[in-house]
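Numbering (the numbering used here), first residue to last: 9 to 77.
Heads up, the thing below is written out as structure tokens.
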């Protein structure tokens, strides 16, 4: 499916949660855990609106979404 990126609990205890808008095509995410990014959990991905042909680099702070997991 194009245009959506979900986060899921590694243990499969909770359903996946949408973290990008469907209008963006988020691909090839890379995780950066706390430590190298301070106290934040960062997700870096290539994104492009479906009407665009060029991708851009997006940085998402997903700390609040993964705290306590």
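Here a beta-carbon is modelled for each residue, glycine too, at the ideal position from N, C-alpha and C.
Counting along the chain, the unbroken beta strand (DSSP E) around residue 53 starts and ends at 50-55. In the same chain as residue 56, and ignoring 5 residues on each side of it, the C-beta atoms closer than 8 angstroms to its own belong to 32, 33, 62, 63 and 64, in chain order. For the options 59, 42 and 60, the alpha carbon positioned closest to that of residue 70 is the one of 42.
Residue 40 places its beta carbon less than 8 angstroms from that of residue 50. Across the structure, residue 52 and residue 60 are spaced so that their CA atoms are roughly 19 angstroms apart.
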